[in-house]
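The structure appears below as structure tokens.
Residue numbers (the working numbering): -7 to 62.
As structure tokens, this is what we get:
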């Protein structure tokens, strides 16, 4: 995980097998995740989208708290 406020670029894989570039940064206890524009396996163009993720402490996972753009 990147330092707070420092943006990092990674790859994300969706269930349809498409791999896309994404950026994330920590803000306090949250992660701000941006999925860059891409095309699904069926050919649908998807615009850039950004979400705020918060930890789901009971499961040890991250949960979408808000959609910020897109």
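Just so it is clear, CB atoms sit at the ideal spot from N, CA and C, and this is done for glycine as well.
Computed from a predicted model, the values in this text were never measured in an experiment.
Identified DSSP bridge partners for residue i
i: residue 61; result: 42
i: residue 31; result: 37
i: residue -1; result: In the DSSP output, where bridge partners are listed per residue, residue -1 has none listed.
i: residue 49; result: According to DSSP, which records beta bridges pairwise, residue 49 is partnered with nothing at all.
i: residue 10; result: In DSSP, residue 10 forms no bridge with anything.
Buried versus exposed call for residue i [16 or more other C-beta atoms within 10 Å across all chains shown]
i: residue 11; result: exposed
i: residue 25; result: buried
i: residue 27; result: buried
From the options, residue whose alpha carbon lies closest to that of residue i
i: residue 41; options: 29, 34, 35; result: 29
i: residue 9; options: 23, 60, 31; result: 31
i: residue 44; options: 4, 7, 20, 1; result: 20
i: residue -2; options: 7, 58, 23; result: 23
Rounded distance between the beta-carbons of residue j and residue i, thought under 8 Å
i: residue 17; j: residue 0; result: 7 Å
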